[in-house]
Amino acid sequence: MFTPGVMVPVCLFLTGLGSMMMEMVWIRQFSWLFGVATRASAVVFGVFMVGQALGSLGWGRLLSSEGTAPSGDPGSAGWGLPRNPLALFRALAVGTAVTSALTPALLAVCRQAYLALGGELGLGPGLALFVRFLMAALVVGPPTVCMGGLFPAASTLLIQPGDVPRRALGLLSSVNLLGGAVGVLLVTFVGVEAWGFQRTLFLGCLFPLVAAVLIGMGTKAPGPTAARGKHPSAADPDLEPCSHAHPRPLPILMAFILGARSSRRSWSGTGC
63 MFTPGVMVPV
73 CLFLTGLGSM
83 MMEMVWIRQF
93 SWLFGVATRA
103 SAVVFGVFMV
113 GQALGSLGWG
123 RLLSSEGTAP
133 SGDPGSAGWG
143 LPRNPLALFR
153 ALAVGTAVTS
163 ALTPALLAVC
173 RQAYLALGGE
183 LGLGPGLALF
193 VRFLMAALVV
203 GPPTVCMGGL
213 FPAASTLLIQ
223 PGDVPRRALG
233 LLSSVNLLGG
243 AVGVLLVTFV
253 GVEAWGFQRT
263 LFLGCLFPLV
273 AAVLIGMGTK
283 APGPTAARGK
293 HPSAADPDLE
303 PCSHAHPRPL
313 PILMAFILGA
323 RSSRRSWSGT
333 GC
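Numbered by our numbering, the letters in the sequence shown go through residues 63 to 334 in order.
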């Protein structure tokens, strides 16, 4: 029962659930600061996506890096950052929970600063928009960067270096997105009315902590150089050797365009 094939999807479901619960609360809380729900939604959503993208890129590179850290520890990437995917997932999950729990206090400070600056009337539309993005980045940026590394770290526990198991990646991504959908529904129809914004946010912070505990059950993380050079069997149609050390520019560009288009359609459907 407690195998990597079971626990990793469960943990990704929990992290997706908690992440979207926190995002929905942040959107509501920033609307109090900015005065317009549409602008708050756009700012928080933009910072949320950028933070996750940067986190996924940075932590993914950390996991795929080879060699020994400056400290001489092959399991560390320097500055106390673990390269072991299991340890990294736990660290990022705890980091997500802690930094998210601090956002109400940071938001209160930003609210005082924004009002002291005069808001949009005192700053003007252009400068006010820049200040909003800056404040949102300071409040929401740290937890979203941590969130961005959860999927690469968890998927590394199931995927051997040099392999591209499409079915496994698709399953993990689907489970993670399903957790996010449940989080949105939970906050919208139950959480805010039953528990309020603060308690709903703190409840969302608990799910990454639960995932940090569950991820170790039946999961033995490979070492930083474990299984390198191994290739999947040709008999398995879902596993193919990765022939390119770096992704090609065209797929990256296509993914960027599709992501921008899907986000635009989502916001058009909500009237934002």
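In this text, a Cβ means the ideal position worked out from N, Cα and C, and glycines have one as well. Only a predicted model underlies this, so the values are computations on that prediction, with no experimental measurement involved.
Reduced DSSP category for residue i - H, G, I as helix; E, B as strand; rest coil
i	result
L179	coil
L220	coil
T65	coil
G78	helix
M279	coil
G122	helix
L164	coil
N146	coil
G157	helix
G211	coil
G97	coil
G253	helix
P71	helix
S186	Contrary to the premise, residue 186 reads as Gly rather than Ser in this sequence. Coil, per DSSP.
Residue i, buried or exposed, once every other Cβ within 10 Å from all chains shown has been counted against 16
i	result
A270	As written in the sequence, residue 270 is Pro, which differs from the Ala given in the question. Result: buried.
G78	buried
G241	buried
S236	exposed
F192	exposed
G253	buried
F251	exposed
Q91	buried
Nearest candidate by alpha-carbon position, reference residue i, set the options
i	options	result
W121	F96, I221, P147, F110	P147
F195	V68, L183, L95, F75	L95
L164	F213, G266, S235	G266
C208	L276, V272, R152, V70	R152
L177	G232, V202, L124, G97	G97
M86	L263, A274, R229, L268	L263
A155	V109, A175, T206	T206
C172	A198, L191, M111, R261	A198
S93	V112, A170, M111	A170
Beta-carbon proximity list for residue i, same chain, < 8 Å, skipping 5 on both sides
i	result
I89	A99, A102, S103, V106, F107
L276	M69, V72, C73, L76
R123	none
Cα-Cα separation, residue i to residue j
i	j	result
V72	M279	11 Å
P187	S126	43 Å
V249	M83	6 Å
G245	E255	14 Å
P286	N238	Note on P286: pLDDT 46, under 50, position unreliable in the model; the coordinate value appears next. Straight-line Cα distance between these residues: approximately 25 Å.
G232	S217	11 Å
L168	S81	18 Å
Q51	G157	Residue 51 is absent from the structure shown; the chain starts at 63 and stops at 334.
G180	L200	19 Å
Residues of its chain near residue i, where Cβ-Cβ distance is below 7 Å and the 5 sequence neighbours each way are ignored
i	result
P204	T161
T332	Reliability of the predicted coordinates at T332 is poor, the pLDDT of 48 falling under 50, and the value obtained from them is presented with this limitation in mind. There are no such residues.
Proximal residues to residue i (C-beta, below 6 Å), its chain only, five neighbours per side dropped
i	result
G210	Q114, G117, S118
A159	C267, P270, L271
A273	C73, L76, T77, A155
CB contact check: residue i to chain C, cutoff 8 Å
i	result
F259	As a matter of chain content, chain C is missing from the structure shown, which is built from one protein chain.
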